[in-house]
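Protein chains: 2
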Amino acid sequence: MDRTRVTIRDVAAQAVVSRQTISRVINGSDLVNPETAARVHAVIAELGYRPNAIARSMSRGRTQILACISPNLTDHTFASIIQGAEGAVRAQGYFLMSTSAPDVPTFIALVHELTGGAYVDGLVIVNPFADDRYCYFPSGTPTVLVGARPREGVADSVALDDVAAGRMATEHLFSFGHRRIAMITGPAAEDCTQDRSSGYRAGLCAHGIVDEPSLVIEGDWSPLSGYRALYELLALDIPFSAVFAQNDQMAIGALRAARELGVRVPGDLSVVGVDDIPLAAHVDPPLTTVHQDFTALGAEAARLLFRSMSGNVTVAEHIRWAPKLIVRASTQRLEWLG
Amino acid sequence: MDRTRVTIRDVAAQAVVSRQTISRVINGSDLVNPETAARVHAVIAELGYRPNAIARSMSRGRTQILACISPNLTDHTFASIIQGAEGAVRAQGYFLMSTSAPDVPTFIALVHELTGGAYVDGLVIVNPFADDRYCYFPSGTPTVLVGARPREGVADSVALDDVAAGRMATEHLFSFGHRRIAMITGPAAEDCTQDRSSGYRAGLCAHGIVDEPSLVIEGDWSPLSGYRALYELLALDIPFSAVFAQNDQMAIGALRAARELGVRVPGDLSVVGVDDIPLAAHVDPPLTTVHQDFTALGAEAARLLFRSMSGNVTVAEHIRWAPKLIVRASTQRLEWLG
DNA sequence: ATGAAAGCGCTAACAA
DNA sequence: TTGTTAGCGCTTTCAT
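Chains as they are written, first to last, in my numbering: chain R, 989 to 1326; chain C, 989 to 1326.
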């Protein structure tokens, strides 16, 4: 079927004009005689000609492809970010090539190949870790960081305001009378974890509550880790009336542990999550959580990337997106205020 | 920083050999004098040379990029498939460019641009609808269909055995004594919905149960649709003791509706889902479901694609993946057997 | 308004 | 073992 691809040459020959004229026509140049253009279009249709994107990239020196690297594609938050970015990117006539790098070596290799090979015109990096492992930045390829704190250099960044999210969750619990608030965190190495934790501590501190380090357990964002964390917390024999889980998955795991242990939520224990995943409203009890607009974040990342690709920009922009509290049924006012 | 990219020319000049020799070295040809190769490597390192992937694609006539098009990236099942495919694809030194096409025009445009422009060497298409809207196949670009029934032509396909999944769920309920089994389906136009529905009917039929069309409600895979569907079913005033929801999200939505309406699961109503999403084990009650290995499916799709790209293959292969029942706590033996 | 020439950076023949 | 000669399919000068 695809023996010899139709090229610009074939079209030129058939339409009896030069290749340049064909080039002008397919690029919508206005210095082409309308009649010529019409003829060329006819021939293009007749021959089924399609410009070769690679050849075009070759001579133009850019590919119209942007890449996005995230730790994985299955996490709903990453997927939403990517989805948002993809929409914005395609709206500009570019492609977004999404790839995932589960570990650091893969990540480095990917950045290396993608940018070093001139495959892509720009790069979106989702959720670099807080330590500097992920700080291998491509030189010469515009890059924007999503979900990370600003890093030195010119890379732009966008992130949710995780400090605010942590604080918002904590303040909500405080306003409901809770004073002893446990926390289940994400992996300690991630920016996001650190920021949500700061928000939590700031929230406690603002009300003169000393935070109890033993009430903080590290999870890995998975429901199972939240489930185990609550078991651990309950085994501690240190009283607490609320749990702030740094994401909904872990919060849902904690809900299950509570059920198994006969701890009623929100009667005995209030639980708050972060993210507002689609299932959050449907679990039992419906989860109070801090909503984050990941799709908008992704779109914003794309916007920054285009800005940065347009050149003549030297100052890096760092954007923080505000979260929003969604109160459902997993939190409740503490009755027996002491 | 990136004024003039270092090219093969610069390296050749600096190492005092021809460009061809450089090319041989970077491609690992063994007909290069080891000393020469060492010198070239030194120069490459010194100059920071990185081969230009576009130029390479240009002269080789292929890009080492495969694309994957799915309806969206946020659905956990699609994401898992893509993840599986990506792993397999990268293991072969290729990239997988994942994109999403929420609607048919976008889909068509994407296929057109991606394949027509020679951007990619192969294509993975996830979950085409059952009607023929998605049947616009690229000619000349190896393609494999995932999650769809085989289509005419040479495109390979892999899918989960959805008929078996539907039947398995139904048989499980039957074996627990349930005779009046409602069903919440996905969108009627999708292969997957149709197949799971056939499995359901086959399961009923095998035991001489006449299926009650009013007990079948169409959802859209979202938890909310499952939630609403159960409300509808319960309003019908037709007795049933079990619900087969065609995916876990809808099953979880149904669980919530049951809770709100005071219908105990599994006491009054047994619920089965399909997919076994990570949260399925953590909801209340833990969901009995039909596990599907989406990641393996994606990897298998990649394998077929490589096979088909290797040429000399004329017969299309159509693979079906077997599902597996996971019994948790949302289903229960019917006590009051009539 | 159109064409001719040159080249993007690399690889694939063929020579030597 | 290494170099030479041509392109890959398109866009970009610069002429005309």
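Glycine included, every Cβ here is placed at the ideal spot set by N, Cα and C.
Source: prediction; values computed, not measured.
Asked: What residues in the segment 1299-1324 of chain C bring their beta carbon closer than 8 Å to a beta carbon of chain R?; Found: none
Asked: Where does residue 1019 of chain C land, buried or exposed, given buried means 16+ other C-beta within 10 angstroms?; Found: exposed
Asked: Spell out whether any CB of chain C is found under 8 Å from the CB atom of residue 1046 of chain R.; Found: yes
Asked: DSSP three-state label for residue 1199 of chain R, please.; Found: coil
Asked: Taking only the alpha-carbon atoms, compute the straight-line gap between residue 1024 of chain R and residue 1001 of chain R and give it to the nearest angstrom.; Found: 13 Å
Asked: Since I believe residue 1296 of chain R is in contact with residue 1132 of chain R (beta carbons under 8 Å), could you give me their beta-carbon distance rounded to a whole number of angstroms?; Found: 7 Å
Asked: Check this for me: beta carbons of residue 1183 of chain R and residue 1151 of chain R, under 8 Å apart or not?; Found: yes
Asked: Hey, could you find the ends of the beta strand (DSSP E) residue 1145 of chain C is sitting in?; Found: 1144-1148
Asked: Counting along the chain, where does the alpha helix (DSSP H) carrying residue 1282 of chain C start and finish?; Found: 1282-1297
Asked: Do we get a CB-CB distance below 8 Å when we pair residue 1337 of chain C with the residues of chain R?; Found: In the structure as shown, chain C begins at 989 and stops at 1326. Residue 1337 of chain C is therefore absent and cannot be evaluated.
Asked: Tell me, which residues are paired with residue 1230 of chain C by DSSP?; Found: C:1169 and C:1258
Asked: Taking only runs of the beta strand (DSSP E) that begin and end inside the segment 1059-1112 of chain C, which ones reach a length of at least 3 residues, in chain order?; Found: 1083-1088
Asked: Pick helix, strand or coil for residue 1051 of chain C, following the three-state DSSP scheme.; Found: coil
Asked: Work out the CA separation of residue 1079 of chain R and residue 1094 of chain C for me, nearest whole Å.; Found: 11 Å
Asked: So if I threshold CB-CB distances at 7 Å, which residues from the segment 1065-1076 of chain C count as touching chain R?; Found: 1067, 1068, 1070, 1071 and 1074
Asked: For residue 1056 of chain C versus residue 1042 of chain C, is the C-beta spacing smaller than 8 Å?; Found: no
Asked: So with CB distances below 7 Å, who are the chain R contacts of residue 1211 of chain C?; Found: 1266, 1267 and 1270
Asked: For residue 1320 of chain C, is the classification buried or exposed, using 16 other Cβ atoms within 10 angstroms of its Cβ as the cut-off for buried?; Found: buried
Asked: Residue 1075 of chain C to residue 1181 of chain R, Cα distance in whole Å?; Found: 27 Å
Asked: In terms of DSSP beta bridges, what is residue 1057 of chain R paired with?; Found: R:1087 and R:1113
Asked: Relative to the C-alpha of residue 1263 of chain C, which candidate in C:1240, C:1212, C:1305 and C:1247 has its C-alpha closest?; Found: C:1240
Asked: Is any beta-carbon of chain C found at less than 8 Å from that of residue 1246 of chain R?; Found: no
Asked: Taking the beta carbon of residue 1115 of chain C as the centre, do at least 16 other beta carbons fall within 10 Å, making it buried, or is it exposed?; Found: buried
Asked: Between which two residues does the alpha helix (DSSP H) containing residue 1014 of chain R stretch?; Found: 1007-1014
Asked: Could you check whether the Cβ of residue 1100 of chain R sits closer than 7 Å to any heavy atom belonging to the ligand COA?; Found: No copy of the ligand COA occurs in the structure displayed, which carries no ligand at all.
Asked: Does any residue of chain C bring its CB to less than 8 Å from the CB of residue 1087 of chain R?; Found: yes
Asked: Can you look up residue 990 of chain C in the DSSP assignment and give me helix, strand or coil?; Found: Note that residue 990 of chain C scores 42 on pLDDT, short of 50, meaning its location in the model is unreliable; the coordinates nonetheless yield the value given after this. Residue state, collapsed to three classes: coil.
Asked: Give the straight-line distance between the Cα atoms of residue 1139 of chain C and residue 1273 of chain C, rounded to the nearest whole angstrom.; Found: 39 Å
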